[in-house]
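Protein chains in written order, with the working numbering: chain P, 1 to 334; chain F, 1001 to 1334. Where a beta carbon is used, it is the ideal one built from N, C-alpha and C, also for glycine. Just so it is clear, the structure is predicted and the values come from calculations on it, not from any experiment.
There are 2 protein chains.
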Amino acid sequence: MKKIINSTDNLITEMLDGIVMAFPKDFKRVEGFDKALITPRAPVKNKVGIATGGGSGHLPLFLGYIGENLLDGAAVGDVFSSPSAETMLAITKAIDSGKGVLYLYGNYGGDIMNFDMAAEMAEEEGIRVETSIGCDDVASAPADDAGSRRGIAGLIFAYKIAGAKAATGASLEEVKETTDRALSVIRTMGVALSPCTIPAVGLPTFEIGDDEMEIGMGIHGERGIKREKLKSADEIASFMTERVIDDLPFESGDEVAVLINGLGATAPQELYVTFRKVKEILDLKKINIYKSFVGEYATSMEMKGLSITLFKLDKEFKELLDMPVHSPMLLQQF
Amino acid sequence: MKKIINSTDNLITEMLDGIVMAFPKDFKRVEGFDKALITPRAPVKNKVGIATGGGSGHLPLFLGYIGENLLDGAAVGDVFSSPSAETMLAITKAIDSGKGVLYLYGNYGGDIMNFDMAAEMAEEEGIRVETSIGCDDVASAPADDAGSRRGIAGLIFAYKIAGAKAATGASLEEVKETTDRALSVIRTMGVALSPCTIPAVGLPTFEIGDDEMEIGMGIHGERGIKREKLKSADEIASFMTERVIDDLPFESGDEVAVLINGLGATAPQELYVTFRKVKEILDLKKINIYKSFVGEYATSMEMKGLSITLFKLDKEFKELLDMPVHSPMLLQQF
Chain P
1 MKKIINSTDN
11 LITEMLDGIV
21 MAFPKDFKRV
31 EGFDKALITP
41 RAPVKNKVGI
51 ATGGGSGHLP
61 LFLGYIGENL
71 LDGAAVGDVF
81 SSPSAETMLA
91 ITKAIDSGKG
101 VLYLYGNYGG
111 DIMNFDMAAE
121 MAEEEGIRVE
131 TSIGCDDVAS
141 APADDAGSRR
151 GIAGLIFAYK
161 IAGAKAATGA
171 SLEEVKETTD
181 RALSVIRTMG
191 VALSPCTIPA
201 VGLPTFEIGD
211 DEMEIGMGIH
221 GERGIKREKL
231 KSADEIASFM
241 TERVIDDLPF
251 ESGDEVAVLI
261 NGLGATAPQE
271 LYVTFRKVKE
281 ILDLKKINIY
291 KSFVGEYATS
301 MEMKGLSITL
311 FKLDKEFKEL
321 LDMPVHSPML
331 LQQF
Chain F
1001 MKKIINSTDN
1011 LITEMLDGIV
1021 MAFPKDFKRV
1031 EGFDKALITP
1041 RAPVKNKVGI
1051 ATGGGSGHLP
1061 LFLGYIGENL
1071 LDGAAVGDVF
1081 SSPSAETMLA
1091 ITKAIDSGKG
1101 VLYLYGNYGG
1111 DIMNFDMAAE
1121 MAEEEGIRVE
1131 TSIGCDDVAS
1141 APADDAGSRR
1151 GIAGLIFAYK
1161 IAGAKAATGA
1171 SLEEVKETTD
1181 RALSVIRTMG
1191 VALSPCTIPA
1201 VGLPTFEIGD
1211 DEMEIGMGIH
1221 GERGIKREKL
1231 KSADEIASFM
1241 TERVIDDLPF
1251 ESGDEVAVLI
1261 NGLGATAPQE
1271 LYVTFRKVKE
1281 ILDLKKINIY
1291 KSFVGEYATS
1301 MEMKGLSITL
1311 FKLDKEFKEL
1321 LDMPVHSPML
1331 LQQF
């Protein structure tokens, strides 16, 4: 395992030290909580607070989405491990301005358990908490069991919607409703060409042949829907885009945002080659691209692969998507 | 070789298709020139045009730096290959508003030959061209032969300085002088843990053991200054930072910009762990960090590794560095 780190024990603490040292205007820790990261502006007055969280190893997901018109806090777990309920509670208290807090994160059992616990504890302290959960990975469960699906890169669109909606001064109920509505029209599928290595484990998360790919693999290496010989970019893009389109379904005349997300070790050139085919397919189906996003938005350390996300837009979603955000870890296109 | 591409022959053309399709407000081709990319606003009136160029495989370098208050055009080569003189000439003509054009790129023989040829052809057509060349890689030649040094990630600081200076309406001579002055106080050193694979070749650019690293390796896999067993992040950061500091030298009381650049397959967490140590060293030496940059600014496809750059700032450099830029491929921190 070749990584530029010191010890695996202190990896996340040191990473967070580096982040806070590099961008002190954008990130700080909640006093006394090593893994509770918030915006230095917290609590932002008259605004619903938005918190996310999850295991480390996916930067810029999750904490990279803390920022102006975006999120207020992120509970940070060890690599691929859930953050603690105490960490999420500390964040909740730090970011609540009195309008309540929305928890917005991906569908993983450990996170749900710990964050539900934090929500209960927060309610006991008089802070209203609602929860919205990303389930965009179409490969991980069939459409009639969509609530079981894993949350992957599509979550970032929900971040933008929730952050912008909260910035307009909306109530907690309104922010949740709008965010859930967005989540309901976001669909993603990924493909992995290589594993990644969890530092504390020291070995790759799975084995895959030199000439193989796995369609639908999860961002922690969870089993996908098919393993086969590596195909061309156009074949991969066609297979995945068609399934994403059919799953909602996205239809002729729809307007969408598109995300081609790199998992960490896939070069940008490959993401743009993929985008080219995705656009061609959407054009043929008369699905209009309102805005495109190409880059590393939700990684799995050094995993090779990418995911394709479509988000069906209405007038409100377009306005919210257009609201400028600021975070040092995100691309200027976001 | 596992990449998500179609053919290697058409890789760069397809990549450029994807880029222009994804961000049509930010990139377009010069009519009739597949590999000549410019801002759609070209030629920008009353502004010195700035062109860069080099082989593909380093995104967001070079073309990603086309943008507002940044660069106007980029000549795109095949992977790790020089762009043609004709491509650079086409860009030069497209971006010249009458104030002349600065070529700003890294020190590689093929690029120099082709771009010098383009400059001659441009002068024959009445367009004034000056050239500034990045030579920031301290590992590639000793300080008394600094002009031989390779250009690596530090070039991105020169882009920002040149782009901002041109945006103030400065003359070609002034833009070149300021850019050269910036280049003279930028120093970088890199470390590689793994090779990358040139698609047309299909094999890794070099061999390196599972537990080894090479300090000072170039971004195309050029030999570095030492190959040894992989050390800890703190040891690597100390070794490289000390040498970068000593090379100028950077001194107590200096103000610097710092760049921790990922080469493609090194996870952001490792970059932030590295930054932590670099800041600690600079603090001890009373070298003040004015601004920090951490992320993928100049990659080598899927190479594992990173580089550390210091840029010594004066009042003017700080102002120019502070000028906002816009490019979809760059991080919001830039």
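Thinking residue i and residue j are a contact (beta carbons under 8 Å), I'd like their distance in whole angstroms, please.
i       : j       : result
F:V1273 : F:L1310 : Contact flag wrong, Cβ pair sits at about 18 Å.
F:D1137 : F:R1150 : 4 Å
F:G1134 : F:L1183 : 6 Å
F:I1091 : F:A1036 : 5 Å
P:V244  : P:Y290  : That belief does not hold up - the Cβ atoms of P:V244 and P:Y290 are roughly 16 Å apart, past 8 Å.
P:T131  : P:F115  : 7 Å
P:L248  : P:I260  : That pair is no contact at about 18 Å.
P:I50   : P:A122  : Not quite, the Cβ-Cβ distance comes to about 14 Å (not below 8 Å), so this is no contact.
For residue i, which residues from the same chain have a beta carbon less than 6 Å from its beta carbon, with the 5 sequence-adjacent residues on both sides left out?
i       : result
F:M1329 : P1060 and G1064
P:M213  : V191, L193 and L230
F:M1336 : What the structure shows of chain F is the stretch from 1001 to 1334, and residue 1336 of chain F is not part of that stretch, so it cannot be assessed.
F:V1185 : K1312
F:A1042 : D1072, A1094 and I1095
P:T39   : I66 and D72
P:A85   : N114, M117 and A118
F:Q1332 : none
Determine, using beta carbons only, whether residue i comes closer than 8 Å to chain P.
i       : result
F:D1210 : yes
F:F1275 : yes
F:P1060 : yes
F:D1234 : yes
F:T1178 : no
F:K1304 : yes
F:K1093 : no
F:L1011 : yes
With a threshold of 7 Å on Cβ separation, who are the neighbours of residue i within its own chain once the five nearest residues in sequence on each side are excluded?
i       : result
F:F951  : Only positions 1001 to 1334 of chain F appear in the structure, and residue 951 of chain F is not among them; the question remains open.
P:S327  : D26, G64, Y65, I66, G67 and L70
P:G55   : G77, D78, V79, F80, S81 and S82
P:N107  : I133, G134, C135, R149, R150 and G151
F:D1234 : K1277
F:I1005 : L1011 and P1199
Examine chain F for any beta-carbon lying closer than 8 Å to the beta-carbon of residue i, and answer yes or no.
i      : result
P:K35  : no
P:K285 : no
P:F206 : no
P:F23  : yes
P:L230 : yes
Against residue i, what residues of chain F qualify as contacts under a CB-to-CB distance less than 8 Å, listed in chain order?
i      : result
P:T327 : The question names Thr, but residue 327 of chain P in the sequence shown is Ser. Ordered by position in chain F, the residues that pass the 8 Å Cβ test against P:S327 are Q1332.
P:L310 : In chain order: nothing, as chain F lies at least about 14 Å away.
P:S194 : K1002
Which same chain residues end up closer than 8 Å to residue i when comparing Cβ atoms and leaving out the 5 residues on each side of it in sequence?
i       : result
F:K1304 : A1192, L1193, S1194, L1263, G1264, A1265 and T1266
F:A1170 : V1048 and T1178
F:E970  : In this structure chain F extends from 1001 to 1334, so residue 970 of chain F is not present and cannot be described.
F:I1236 : V1191, M1213, I1215 and T1274
Strictly below 9 Å CB to CB, what residues from chain P border residue i?
i       : result
F:V1048 : By Cβ distance, chain P contributes nothing, its closest Cβ being about 23 Å from F:V1048, past 9 Å.
F:V1294 : G18, I19, A22, F23, P328 and M329
Under 7 Å Cβ-Cβ, which residues of chain P neighbour residue i?
i       : result
F:E1270 : K3, I4 and I5
F:M1301 : A267
F:K1279 : M21
List, in chain order, every chain F residue whose beta-carbon is nearer than 7 Å to that of residue i.
i      : result
P:I225 : Within chain F, no residue comes near P:I225; the closest Cβ sits about 17 Å away, beyond 7 Å.
P:M15  : Q1269, Y1272 and V1273
What are the residues that DSSP puts in a beta bridge with residue i?
i       : result
F:G1264 : F:M1303
F:A1146 : Paired residue(s): none; F:A1146 is not in a bridge.
F:N1107 : For F:N1107, which the question treats as bridged, DSSP gives no partner whatsoever.
P:K45   : In DSSP, P:K45 forms no bridge with anything.
P:A192  : P:E214 and P:G305
P:G295  : P:N261
F:S1140 : Paired residue(s): none; F:S1140 is not in a bridge.
F:K1226 : F:I1215
P:E130  : P:L102
P:K379  : No answer is possible for residue 379 of chain P: the residues shown for chain P start at 1 and end at 334.
Report the neighbours of residue i on chain P: residues whose CB is nearer than 8 Å to its CB, in chain order.
i       : result
F:S1056 : Q269
F:G943  : Outside the displayed range of chain F (1001 to 1334) lies residue 943 of chain F, so it cannot be described from this structure.
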